[in-house]
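Taking the working numbering, the leading residue of the sequence shown gets 12, the next gets one more, and so forth.
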Amino acid sequence: MARVEPLTHLRRARDVIDARFADPLTVPELAGIACCSREHFIRAFRKAYGQTPAAYLTRRRVERAADLLRSANLTVTEICRCVGFGSLGTFSRRFKDFYGESPAAYRERNAHGPHIPGCFVLMATAPRDRSLSDKPDSAAAG
């Protein structure tokens, strides 16, 4: 059987963060994806990517928020929720740490041109209830 390199598992966990940044991801869940203990995962991730998994996740969320602030017709609170932050205060602090200004000031300085309607962004980022999509349509069944 071929040996899988540890970096492959770390990449898999990083890819999950990139794809599911808005979900409530936990370090133990990501460590499981990387097939290692929580502590080893944090050390290995930091060594490979220069930051902890939590810091990487926060950075991805803030980067996506900046994209939405430039291009979407959503409130700062809606964007905060769309990118996975549970608290507007935490979101605003983290955003200011990265960009040096509040989300509202960033939008004012960087938003130009037409915006994506907020309803489209919200539909695209809404969690999907997979239990409903697995059931046959009652009208089609009858």
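C-beta atoms are modelled at their ideal positions from N, C-alpha and C, and glycine is treated no differently.
Here the structure is a predicted model, which means the values were calculated and not measured.
Check the Cβ-Cβ distances between CYS91 and every residue of chain D, and say whether any is below 8 Å. Included in the structure is just one protein chain, with no chain D present.
Contact under 8 Å by Cβ, ARG105 with THR69: yes
Cutting at 7 Å between CB atoms, please list the residues of its own chain near PHE33, excluding the five before and the five after it. One detail in the question is off: residue 33 reads as Ala in this sequence, not Phe. Cβ neighbours of ALA33 beyond the five flanking positions: CYS93, VAL94, GLY95, THR136.
Use the C-beta contact count for ALA77: other C-beta atoms within 10 angstroms, 16 or more gives buried, fewer gives exposed. buried
Quick one: what does DSSP say ALA45 is sitting in, helix, strand or coil? coil
From ASP108 to ALA66, what distance separates their C-alpha atoms? 12 Å
Would you mind stating whether LEU80 and TYR117 have Cβ atoms separated by less than 8 Å? yes
Under the DSSP definition of a beta bridge, which residues are partnered with ASN121? Answer by DSSP bridge pairing: none, since ASN121 is not bridged.
How many whole angstroms separate the CB atoms of PHE52 and VAL38, which I take to be in contact at a CB cut-off of 8 Å? 7 Å
Taking just the CA atoms, how far does PRO17 sit from LEU99? 36 Å
6 Å Cβ shell around PHE102 - same chain, five flanking residues per side excluded: CYS91, PHE96
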